[in-house]
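The structure appears below as structure tokens.
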Amino acid sequence: MGFRFHKLLLQVTWVGVLLSVTTSASAVLSHPLALPNCQNSCGGVEIPYPFGMNQRCYLDESFSITCDNSTSQPMYGNVIVKNISIEDHNIEILAYTARDCYNNPSALVNNNNHSTLWSRYFTISDTQNVFVAVGCDTYAYLVGSKNSESFSLGCMSVCVDSSNVVNGSCSGIGCRQTKIPKGLKSIVLEAHSFKNHTNVWRFNPCSYAFIVQKDNFNFSADSLQSLPGTMPMFLDWAIGNETWVVGSKACAVNTQKYLCGGNSTCKPSENGGHFCLCKDGYRGNPYLKDGCREELEKATNNYDENPIIGRGGFGIVYKGFLPDDRIVAIKKSKIVDESQIEQFINEFAVLSQINHTNVVKLLGCCLETQVPLLVYEFVPNGTLFEYIHHESKVSIVAWETRLRIATESVEAFSYLHSTASPPIIHRDVKSSNILLDDKHIAKVSDFGTSRLVPLDQTQAIDTMVQGTFGYLDPEYLHTSQLTEKSDVNNFGVVLVELLTGKKAISFDRPEEERSLALYFLSSLKENRLFEVLEKNIANEENAEQLKLRLTGEDRPNMKEVAMELQGLRKMEKHLWVNVGSNLGETEHLLGGPSDSREYDVSNKITTGYDSVKHHVMLAFDDGR
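Residues -27 to -1, 1 to 597, numbered by mature numbering (1 follows the signal peptide of the UniProt record, and there is no 0), are exactly what the sequence shown covers, in order.
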């Protein structure tokens, strides 16, 4: 890949789409760190190659780590290892503190005032560590070697009383801190006292000298009484012992000599030797033959079958884990051909126009891979299709919940048609393209076949018919003329699914009932509406007038539908509203044959909030 995925994460709030998501087991990422058949951790600390715990598993003895079975702690020589980073090329250790202590004036009790650290290839990091001396009667030395030359550094710290010190300050009163020189590979630390702590013994019995990570030591008056025996510090590491010209940006041409694996590059180390880095767009261990993998490949465990959470006509969706622990959905094209690449590019182009709460958020993309990839927020509760058609859920989804999901969905479609610039026609509105988050809030998805409508477009768009059988607008199917009313028709089918709990198409039903839209229309015509409504939202004791028009011209637009559903939700919150007095004439959203006909179904009208039939009718009201 030509760039890192994290550089593609959009800084603006773009919202996007996601293929149908189903629940799945979490993917357990397995990524090679060590050589095959080598232990890759000790005491919870990862031990990546070129480090290892036996001769077969490390590069050479300089990278030998011992796993202490008694304490389950990794050791580098005689110091404890806290972390090894192959990205930052450092190793975090607990280095010993030099101390010069007295139990009464002039009585020396702990003269462990020397601390030694030596390494052939590793360098004490001058950018991440500092040299510190602590005490009120203290001077300390750091003696080290740099390029076979000796180097020494001294610090002095004094004070008369603990009340003189300033917490957090190491400017010389009780504590002194200074930088260390670059390139030190071995050091000896020494801590001493000017007057054996004679005048300060009661509040400061010891002198201390140590190297510690920057910002990891916070000096206070308590530090004068006692300090830990070890302090965390960083060693920089590299492989090899080459000496490079200052400013070199690349290793020699013969990179095989430098032990870097596939999809990696070799970079000279400023302290001698070199290190390996995964190329842009790859992550992993660059010291292994196939250690660097595509970032999204790693996120999906090499596109393993287990984290698949959705399949569609154009792609497969995987549940993935990014390096910062975010859970995402990664949509990968099924095959590599121009039409599918165009679909992905179209989806990305459409998403750049959208910003709405009820549309799934796009996080990034990668179109330079062999197979295009799109990355979205992970929406955990699957699709509306699953929610209303699952056998264990179909009869328990409350009307209020169905109404809220319908309202949230239509608000998203209304935004696409009326607010987005240019307007967007979704073209594949269906219950499996409406996702539900952890709070069951609706998120519209899948814009692969969507069309941007030019602002100067006043006529229907002549296009190849695309969509899903069972939802397709009859007029669009017969004329290939695409308008926003096609989305309205499709959403009408989704509303019927919500009202009936039945699938848009089912060959398990009798032939006359296979198409839910036609079955619903015929039920209205024959005054059998309550026979098809979900039992927990229908009541045979109530009825009211419904007028049905079947041509697209008489259908409300998405904005009108959104206003009606919003109004209906408000009524849900006010039980005293007399809904019967507001009914009036209603229009249906579903398309039918191209000729215009009207069906009137009337019965005795009753009013009151408890009439679920009122809700059913108002869901299709055109607000006139």
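In this text, a Cβ means the ideal position worked out from N, Cα and C, and glycines have one as well.
Next item on the list: Note the first and the last residue of the continuous beta strand (DSSP E) segment covering Asn328.
Entry: Here Asn328 belongs to no beta strand (DSSP E), and DSSP marks it neither H nor E.
Item checked: Cβ neighbour criterion (16 or more within 10 Å) applied to Trp91 -> Counting Cβ neighbours within 10 Å, Trp91 comes out exposed, since fewer than 16 surround it.
Next item on the list: Evaluate Pro23 with the Cβ neighbour count: other Cβ atoms within 10 Å of its Cβ, from every protein chain shown; 16 or more gives buried, anything less gives exposed.
Entry: By the beta-carbon neighbour count (other beta carbons within 10 angstroms, threshold 16), Pro23 is buried.
Notebook entry, point to check: Within 10 angstroms of its Cβ, does Glu60 collect 16 or more other Cβ (buried), or is it exposed?
Noted result: By the 10 Å Cβ count, Glu60 comes out exposed.
Checklist line | His165, buried or exposed, once every other Cβ within 10 Å from all chains shown has been counted against 16 | finding: With 16 or more Cβ atoms within 10 Å of its Cβ, His165 is classed as buried.
Check: In the DSSP assignment, what are the bridge partners of Gly293?
Finding: Partner(s): Val301.
Next item on the list: Kindly give me the distance between the Cβ atoms of Glu457 and Met531, rounded to whole angstroms, as I take these residues to be in contact under 8 Å.
Entry: In this structure Glu457 touches Met531 by the C-beta definition: roughly 7 Å separates them, less than 8 Å.
Notebook entry, point to check: Over what stretch of residues does the beta strand (DSSP E) that includes Val106 continue unbroken?
Noted result: Note that residue 106 is Ala in the sequence shown, not Val. Note, Ala106: beta strand (DSSP E), Asn102 to Val107.
Notebook entry, point to check: What is the DSSP secondary structure of Arg501, counted as helix, strand or coil?
Noted result: Residue state, collapsed to three classes: coil.
Margin query: Which residue wins for smallest C-alpha separation from Gly257, given the options Glu533, Pro5, Leu468 and Val534?
Written below: Per the Cα distances, Pro5.
Next item on the list: Return helix, strand or coil for Trp372, following the three-state DSSP convention.
Entry: DSSP places Trp372 in the helix class (H, G or I) of the three-state scheme.
Next item on the list: May I ask which residues mark the beginning and end of the alpha helix (DSSP H) holding Gly465?
Entry: Boundaries of the alpha helix (DSSP H) harbouring Gly465: Glu457 to Thr473, taken from the DSSP string.
Next item on the list: Select from Gly156, Leu197, Pro345 and Cys224 the residue whose C-alpha is nearest the C-alpha of Ser136.
Entry: Nearest to Ser136 by alpha-carbon distance, out of Gly156, Leu197, Pro345 and Cys224, is Leu197.
Notebook entry, point to check: In this structure, what does DSSP give as the bridge partners for Tyr349?
Noted result: Partner residues in the beta bridge of Tyr349, as assigned by DSSP, are Ala302 and Leu335.
Item checked: Own chain partners of Pro396 with C-beta closer than 6 Å, once the 5 adjacent residues on each side are dropped -> In chain order, His390 and Val426 place their CB closer than 6 Å to the CB of Pro396, counting only its own chain and leaving out the 5 sequence neighbours on each side.
Note to self: Quick check: Glu499 and Tyr492, are their CB atoms within less than 8 Å of each other?
What the structure shows: No, the pair does not count as a contact, with Cβ atoms beyond the cut-off.
Item checked: Spatial distance of Val348 from Phe317 (CA atoms) -> Going from the Cα of Val348 to the Cα of Phe317 covers about 11 Å.
Margin query: Considering only their Cβ atoms, is the gap separating Pro353 from Asp411 smaller than 8 Å?
Written below: Yes, these two residues count as a Cβ contact at 8 Å.
Next item on the list: Report all residues from its chain with a CB closer than 8 Å to the CB of residue 632; omit the five preceding and five following residues, and keep chain order.
Entry: A query on residue 632 cannot be resolved here, the shown segment of the chain reaching from -27 to 597 and no further.
Notebook entry, point to check: Do Lys403 and Tyr360 come within 8 Å of each other at the CB atom, strictly closer than that value?
Noted result: Lys403 is positioned such that its CB atom lies no closer than 8 Å to that of Tyr360.
Check: So what does Ile66 bridge to, in DSSP terms?
Finding: Within the DSSP secondary-structure output, Ile66 pairs in a beta bridge with Val54 and Met206.
Margin query: Considering Cα atoms alone, identify which of Asn120, Tyr112, Val344 and Gly145 is closest to His170.
Written below: The candidate whose alpha carbon is nearest that of His170 is Tyr112.
Margin query: Less than 8 Å between the C-beta atoms of Ile153 and Phe183, yes or no?
Written below: Not a contact, by the Cβ cut-off of 8 Å.
Item checked: Check whether Ala194 and Val107 have beta carbons under 8 Å apart -> Here Ala194 is not near Val107, since their CB atoms are 8 Å or more apart.
Check: Quick one: Cα of Leu261 to Cα of Pro345, how far?
Finding: Going by the C-alpha atoms only, they are around 27 Å apart.
Item checked: Pairwise C-alpha distance: Phe207 and Gln101 -> Going by the C-alpha atoms only, they are around 7 Å apart.
Note to self: Which same chain residues end up closer than 8 Å to Ser496 when comparing Cβ atoms and leaving out the 5 residues on each side of it in sequence?
What the structure shows: Only Leu502, Glu504 and Val505 meet the Cβ criterion.
Checklist line | Sequence-distant residues of its chain with Cβ nearer than 8 Å to Gly234 (five each side left out) | finding: Within the same chain, and ignoring the five residues on either side of Gly234 in sequence, the residues whose Cβ sits closer than 8 Å to its Cβ are Cys249, Asn258, Pro259, Tyr260, Leu261, Lys262, Asp263, Gly264 and Cys265.
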